[in-house]
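Asker: Structure incoming, see below.
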Amino acid sequence: MMVVLGHQTDRAKFPVIGNMTLTPARWAVGCLVCYFLVALNIVIQNNGGTQGDELPWVWSCWLMLCFLLAGVWFLMPGKKPQQITPTLRWLFVGCIILTLPLIWSPHRDWQYHALPRLAGLWAGLFVYYSLLQCKLTSRQWTVIWTCIAIGALFQAVFIIGEIFAPSLTPVVSQAAAEKFGFGVFQQKNVAASYLATGLALALGMLADKNMNWGRGKLEIIRQVILGLCLIFISTVLYMLYSRTGWICWFTDVFIICSLLFFTSVFKTSRRRRLVILMLPLFGFALGYGLSFLEPSLLKSPHDGSSAQRWLTLKACWDMMIESPLRGWGYGGFEFAFQHWVANQSPVIPTREMMNHPHNEILFWGVEGGITSLIGLVVICIAGIKLIFNRFTPTRLVIGISIIPIMLHVQVEYPLYLSSAHWLIVLLLLISCDTETVSNAGSKQTIKHIVCYRKIFASTIAIFALCGSLFCAIAIHNEVVLTKFEIRKLVDDESITMLPMPWLINERYVKDIALLNILRFQKTNDNQYLNTYIELSHQWLKTRVDADVYNNLINVEFYLNLNLAAKNDQKEAQLLFPYDKRFE
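See below:
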């Protein structure tokens, strides 16, 4: 009998569960599989929102990532050399450049408002670095891509259920679909770009024979499921009536099928090529037919939105030209944009409050000026160079799969409404960089930092576990504040005892202000209204919110503070010319 001592030594480094050795890579894959197949599809009661820290599924993603990081670093061998790739270095440089404008943001409240975005940026970079150390195999990456596609299929089936059989969906989901939108993300364009990404991965995995699980029955089942993904995802992409979704669907199908029929990139049979082409076309046609069964789907939701988008893009461009070097200040786009538009002569009649210009490049450019734009350029060049520096069919699939989200960030802000989108972008890039590490000797030099880092790894694991606790507390606080806002909380005063309210500070501050109005309704003590006025004025010095203005004006009129009320009403009318409450 041959005994391979080296092999036994390697296995001894990791815990063994049954016959399987638990490595950092397997832990990471397990966490990601559980997230995309289970956690992401859980609907948590919420009251909507336009900021990531107001949406529970954003926190649930970071909760999973904290568990992932804790396990990865706990299982990491103490003497394992660290992998620092050229792409990682350039991403690090880009993140530093993007962070610099925070220093000269003019208001402390604005800086505080920008911190979650920058925290997500740096946390994403650390997730990138951590997963790079795991060195996932091509088979493990295929498992992850398959789970993302199946997760998109789950979303598609769930949305079909919400449209045609809402009584079969959870009560929480029914309320959210009626008030906000379909799917877990509750916003059709966010759901559409996620579905389109799953569609691109499903198309790519069926086209690329290298992205498989072998030749057993499991692979046959996987291919059947991927075929169902092409049909049902295409069906829902039509029924969502999302222009972003339609463009992404066409882009995915056109590029993959063009490569299949007119190039030799994907070496597949003619029959297989026809099946890959016909399934999404059939699904899209099916969506068109099913739309007539639900007349509400045929109503165009785009009236006036295009004009508003063009107005916003032009205004943002003018703002960038007006302050190109320093920008207007991180965290202050909402305030700066509304006041800049209102102070133009003649006044530019914006129809809605804009907390984001619906274009990621303009967003960073307006707030951070040319410094932020340089940071974006560095990150984009690093990503593009990584994907296309070595041509393989698998890398081509990855490049195509990242297109839907990259298109979406040019017309909206999905990375703030869904951490899943941000995570998918990271995973797509990491998979290419992992391949770079495996082939380092041929094209790139990988820097090895050999260190004994058990203390470092243990510290990271502990911090990650603490982070998971913070995320769980944030989700709890979100649910409590949602009940408070929809008037279903038994004791309104309980929101003052929430643990770590700074995790959702902006929402918490607004709800505390509203609590003073409820206290007045119970006690008839005008002091609570005076407190509300004070908090609202403080808020409006660096923020813009039509509801806050409306409540403030009503309270001031009630207290016979007519001059202050008329001044606030005049300002609100200037900021929100189409809001009839301020006429």
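UniProt numbering puts the last residue of the sequence shown at 583; the count rises by one with no breaks.
Here a beta-carbon is modelled for each residue, glycine too, at the ideal position from N, C-alpha and C.
The structure presented is a predicted model; accordingly, all values stated were derived computationally and were not measured.
1. So what does DSSP say about T169, is it helix, strand or coil?
2. What runs of the beta strand (DSSP E), each 3 residues or longer, lie entirely inside the stretch 276-331?
3. List the endpoints of the continuous beta strand (DSSP E) containing Q45.
4. By the three-class DSSP mapping on this structure, what secondary structure does T268 have?
5. Rounding to the nearest angstrom, what Cα-Cα distance links S167 and G120 in this structure?
6. By how many angstroms is the C-alpha of T87 removed from the C-alpha of L228?
7. Which whole runs of the alpha helix (DSSP H) in the stretch 525-557 are 4 residues long or more, in chain order?
8. Leaving aside the five residues before and after V172 along the sequence, list all residues of the same chain whose C-beta is less than 6 Å from its C-beta, in chain order.
9. Is DSSP giving I84 helix, strand or coil here?
10. Which word fits M320, buried or exposed, when buried means at least 16 other C-beta atoms lie within 10 angstroms of its C-beta?
11. Please report how far the alpha carbon of R309 lies from the alpha carbon of T146, in whole angstroms.
12. Are at least three pairs of beta-carbons, each pair with one atom in the stretch 462-477 and one in the stretch 492-504, less than 8 Å apart?
13. To the nearest angstrom, how far is it from the Cα of S234 to the Cα of F126?
14. Would you report the Cα separation of T9 and G216, rounded to the nearest angstrom?
15. Helix, strand or coil for E162? Go by DSSP, reduced to three states.
16. Would I256 pass as a contact of A207 if the rule is Cβ separation under 8 Å?
17. By alpha-carbon positions, which one of L37, N516 and E478 ends up nearest to D53?
18. Counting along the chain, where does the alpha helix (DSSP H) carrying W122 start and finish?
19. By alpha-carbon positions, which one of A39, W73, R390 and T21 ends up nearest to A461?
20. Just how far apart, CA to CA, sit K566 and N524?
21. Using a Cβ-Cβ cut-off of 7 Å (strictly less than) and excluding sequence neighbours within five positions of Y532, which residues of its own chain qualify?
22. Does DSSP classify F182 as helix, strand or coil?
23. Using the three-state DSSP reduction, which class does H358 fall into: helix, strand or coil?
24. What whole-angstrom Cβ distance do W539 and V509 have, given they're in contact under 8 Å?
25. Between the alpha carbons of K454 and L75, how many angstroms are there, rounded?
26. Going by CA-CA distance only, name the one from E219, E583 and F266 that's closest to V397.
27. List the endpoints of the continuous alpha helix (DSSP H) containing R222.
28. Identify whether W249 lies in helix, strand or coil by the three-state DSSP scheme.
29. Under 8 Å: do the stretch 354-370 and the stretch 406-417 share three or more Cβ pairs, one atom per stretch?
30. Would M239 pass as a contact of I150 if the rule is Cβ separation under 8 Å?
31. If you measure between the beta carbons of L68 and A28, is that distance less than 8 Å?
32. If you reduce the DSSP assignment to three classes, tell me which class K522 lands in.
33. DSSP three-state call for V38: helix, strand or coil?
34. Within 10 angstroms of its Cβ, does D547 collect 16 or more other Cβ (buried), or is it exposed?
35. Using a Cβ-Cβ cutoff of less than 6 Å, which residues in the same chain neighbour N47 once the five nearest sequence positions on both sides are dropped?
36. What do you get for H537, buried or exposed, if any count of 16 or more other CB atoms within 10 angstroms of its CB means buried?
Answerer: In terms of the structure at hand:
1. In the three-state reduction of the DSSP assignment, T169 falls in the coil class.
2. none
3. Where Q45 is concerned, there is no enclosing beta strand (DSSP E), given that its DSSP letter is neither H nor E.
4. coil
5. Straight-line Cα distance between these residues: approximately 37 Å.
6. If you take the alpha carbons of L228 and T87, they lie about 36 Å apart.
7. Taken in chain order, the complete alpha helix (DSSP H) segments of 4 or more residues contained in the stretch 525-557 are 526-540.
8. V43 and Q45
9. strand
10. buried
11. In this structure, the straight-line span from the alpha carbon of R309 to that of T146 is close to 35 Å.
12. yes
13. 34 Å
14. Confidence at T9 is low in this model, with a pLDDT of 40, below 50, so the placement of that residue should be treated as unreliable; the coordinate-derived value is given next. Approximately 31 Å, taken between the alpha carbons.
15. helix
16. yes
17. For D53, the nearest C-alpha among the options comes from E478.
18. R108 to C134
19. In terms of Cα proximity to A461, the closest of A39, W73, R390 and T21 is W73.
20. 24 Å
21. A513, N516, I517 and V555
22. coil
23. The answer is coil: DSSP assigns H358 none of H, G, I, E or B.
24. 7 Å
25. Cα to Cα, the separation comes out at about 10 Å.
26. Closest by alpha carbon: F266.
27. Its alpha helix (DSSP H) spans residues K217 to M239.
28. Three-state DSSP puts W249 in a helix.
29. yes
30. no
31. yes
32. Here K522 sits in helix by DSSP.
33. coil
34. exposed
35. T482 and E485
36. exposed
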